[in-house]
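Enquirer: One structure, pasted below without further comment.
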Amino acid sequence: MKKLLLWTVILAVSIAMILSLSLYGCKEEEAPAEAGEVAAGKHFEGIDIWFFPGGPEGGPFASVVYNGAKAAEEDLGPNVTYVWSDWNVETMISQFKEAVAAEPDGICVMGHPGDVALGPLIDDAVSKGIIVTSQNTELPESEAKYVANGFGYAGASNYNAGLSLGRQAVIEFDLKEGDRALVWGLLAQADRGLRSQGCIDGLEEAGLVVDYIEISDEVNADATLGTPIVSGYVSANPDVKLIITDHGALTSTAEAYGKGAGLDPGEVNFAGFDLSAASVEAIKSGYLGLVIDQQPWLQGYLPILQVCLTKTYYFSGLHVDTGSGFVNADNVDLLSELAEKGIR
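If you want the numbering used here, it's the 1-based position in the sequence shown plus 9.
Given below as structure tokens:
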């Protein structure tokens, strides 16, 4: 009888252990995160960032920058506030002050206002423990001063990019000494204007006659307002062979400019900066002949990553040249699908 009781106890304990182990191994699966939610455990959750895409919301260039930043937000997990500036320098300065007042962990700023205007504001931000980094337009003095604090750069070297486009346009369109060209750019913006100067230098070193028009604040914010400017210039200068638009949104509008001026495709060569769905169509239509692509999606993704790495691991600033490859009718089909998706 005692043996029977002992075996009964042993059997009961064994069954209890088996059941407990089975229940331990059958954890309830967590429900997947709903669309728009940050999945649990993303590496850089809890970091707050203010990000400047630069232009108007929905603009052809700024939207690609935004897409890159948004992808980084979704991949990495920080909280990101986006501010749209219509490419207006004064607006960027005002918004930067607002960003500092919000006391985020980091600010990713377009460098268009230049070091003179932004430098003191960046000093103030860094003194408050805010990580600052830049995209699209370099801030060389601030970067040198605060690189150890995570101040990096994601974008092309503006002067070199402009110089490369000017030189390549001469080759691409078989331009000769004495031919007339127009550079429509942003010389009035200190560091950003270096790209326009590079375009001019690249054309003038080949002996071209170069005219220049400054992009107005109105056209900067809405490229379609530039159509009468192109029409008026072409009417006054019927011998023009090349128009360079030093602005992604203006480059995307090249077909409309050409048609508005009564030009046939290729009658006047257009060249400019940055790929977009609209610029792909302009290349395919024959109105836009050459684009230098600085891959703006990376100018969105990399600054977000920079702030996250510096905040979490104290990494110093990374200076990344996002590229300057050329796109024309020969290779545009390779990138057209990505351009439609807002990646290239």
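Beta carbons: idealized from backbone N, C-alpha and C, even for Gly. On a predicted model such as this, the values are computed, not experimentally measured, just so you know.
Which of the three DSSP states is assigned to SER143 in this structure?
Expert: If DSSP states are grouped into helix, strand and coil, SER143 belongs with the strands.
Enquirer: At which residues does the beta strand (DSSP E) containing ILE222 begin and terminate?
Expert: That run of the beta strand (DSSP E) goes 218-223.
Enquirer: For GLU264, does the count of other Cβ atoms within 10 angstroms reach 16, so buried, or fall short, so exposed?
Expert: With 16 or more other Cβ atoms within 10 Å, it is buried.
Enquirer: Starting from TYR322, trace the alpha helix (DSSP H) in both directions and tell me its first and last residue.
Expert: Per DSSP, TYR322 belongs to the alpha helix (DSSP H) from 305-322.
Enquirer: Which same chain residues end up closer than 6 Å to VAL73 when comparing Cβ atoms and leaving out the 5 residues on each side of it in sequence?
Expert: For VAL73, where only same-chain residues beyond five positions count, the Cβ hits under 6 Å are PRO305, TRP306 and GLY351.
Enquirer: Return the chain-ordered ranges of every beta strand (DSSP E) run that is complete within the stretch 222-292 and spans a minimum of 3 residues.
Expert: 249-254 and 278-282, all fully within the stretch 222-292.
Enquirer: Can we say the stretch 55-64 touches the stretch 194-213, given the rule of at least three CB pairs closer than 8 Å?
Expert: Touching, no.
Enquirer: Check whether the stretch 265-283 and the stretch 314-329 are in contact - that is, three or more C-beta pairs closer than 8 Å.
Expert: The stretch 265-283 is not in contact with the stretch 314-329.
Enquirer: Residues in its own chain within less than 7 Å of ALA245 by CB, not counting five upstream and five downstream?
Expert: Correct list: empty, nothing qualifies.
Enquirer: What are the boundary residues of the beta strand (DSSP E) that THR100 is part of?
Expert: Note, THR100: premise wrong, no beta strand (DSSP E); alpha helix (DSSP H) at 98-111.
Enquirer: Between LEU299 and ALA153, what straight-line distance do the alpha-carbon atoms span, to the nearest angstrom?
Expert: Looking at the two C-alpha atoms, the distance is approximately 34 Å.
Enquirer: Would LEU272 pass as a contact of ALA232 if the rule is Cβ separation under 9 Å?
Expert: Contact flag unset, no.
Enquirer: Tell me ASP302's beta-bridge partners as DSSP assigns them.
Expert: Paired residues: GLY334.
Enquirer: Can you say whether TYR322 is buried or exposed, counting buried as having 16 or more other CB atoms within 10 angstroms of its CB?
Expert: Counting Cβ neighbours within 10 Å, TYR322 comes out exposed, since fewer than 16 surround it.
Enquirer: With DSSP as the reference, label ASN88 as helix, strand or coil.
Expert: The answer is strand: DSSP assigns ASN88 an E or B state.
Enquirer: For THR254, which residues in the same chain have their Cβ closer than 6 Å to its Cβ, ignoring the five residues on either side in sequence?
Expert: Around THR254: TRP193, THR260 and GLY281.
Enquirer: Provide the residue span of the beta strand (DSSP E) that contains TYR155, from first to last.
Expert: Unbroken run through TYR155 is the alpha helix (DSSP H), 149-155; no beta strand (DSSP E).
Enquirer: What are the uninterrupted segments assigned as alpha helix (DSSP H) that are 4 or more residues long and contained completely in the stretch 62-87, given in chain order?
Expert: If we require 4 residues or more, the alpha helix (DSSP H) runs fully inside the stretch 62-87 come out as 71-85.
Enquirer: Tell me, please, which residues DSSP counts as bridged to PHE60.
Expert: Bridge partners of PHE60: TYR91 and CYS117.
Enquirer: To the nearest angstrom, how far is the alpha carbon of TYR310 from that of ASP95?
Expert: The alpha-carbon atoms of TYR310 and ASP95 are separated by roughly 20 Å.
Enquirer: Kindly indicate which residue of GLU227, SER333 and ALA165 has the alpha-carbon position closest to the one of VAL98.
Expert: Measuring from the Cα of VAL98, the nearest candidate turns out to be GLU227.
Enquirer: Apart from the five residues just before and just after SER345, which ones in its own chain have a Cβ nearer than 6 Å to its Cβ?
Expert: For SER345, where only same-chain residues beyond five positions count, the Cβ hits under 6 Å are VAL289.
Enquirer: Excluding the 5 residues flanking ALA170 on each side, which residues of the same chain have their C-beta closer than 7 Å to its C-beta?
Expert: Closer than 7 Å at the Cβ level, and outside the excluded window around ALA170, lie ARG204, GLY207, ILE301, GLN303 and SER333.
Enquirer: Using 8 Å as the threshold, is the stretch 291-298 in touch with the stretch 122-132, meaning 3 or more CB pairs across them?
Expert: Contact between the stretch 291-298 and the stretch 122-132 is absent, because fewer than three Cβ pairs lie under 8 Å.
Enquirer: I'd like to confirm the pairing. Which residues does DSSP put opposite HIS328 in its beta bridges?
Expert: Answer is TYR162, bridged to HIS328.
Enquirer: Would you mind giving the Cβ-Cβ distance between GLU112 and LYS79, rounded to the nearest angstrom? I have them listed as a contact below 8 Å.
Expert: No, GLU112 and LYS79 are not in contact; Cβ-Cβ is about 23 Å, not under 8 Å.
Enquirer: Just to confirm my understanding: we take GLU181, look at its own chain, exclude 5 residues before and 5 after, and list those with CB closer than 6 Å. What are they?
Expert: Counting only Cβ-Cβ distances below 6 Å, and skipping sequence neighbours, we find LEU299.
Enquirer: What's the call for THR146, buried or exposed, on a 16-neighbour Cβ count within 10 Å?
Expert: With 16 or more other Cβ atoms within 10 Å, it is buried.
Enquirer: Let me make sure I understand the geometry here. Which of ILE102, ARG353, GLY115 and ALA108 has the alpha-carbon closest to that of LYS128?
Expert: It is worth fixing the name first, because residue 128 is Gly in this sequence and not Lys. Ranking the options by Cα distance to GLY128, first place goes to ILE102.
Enquirer: Looking at GLY55 and GLY87, is the spacing between their C-beta atoms short of 9 Å?
Expert: What sits at residue 87 in the sequence shown is Pro, not Gly. Yes. Within cutoff.
Enquirer: Identify whether GLY123 lies in helix, strand or coil by the three-state DSSP scheme.
Expert: If DSSP states are grouped into helix, strand and coil, GLY123 belongs with the helices.
Enquirer: According to DSSP, is ALA40 helix, strand or coil?
Expert: Confidence at ALA40 is low in this model, with a pLDDT of 44, below 50, so the placement of that residue should be treated as unreliable; the coordinate-derived value is given next. Note: ALA40 maps to coil in three-state DSSP.
Enquirer: With DSSP collapsed to three states, give me the class of ALA178.
Expert: If DSSP states are grouped into helix, strand and coil, ALA178 belongs with the helices.
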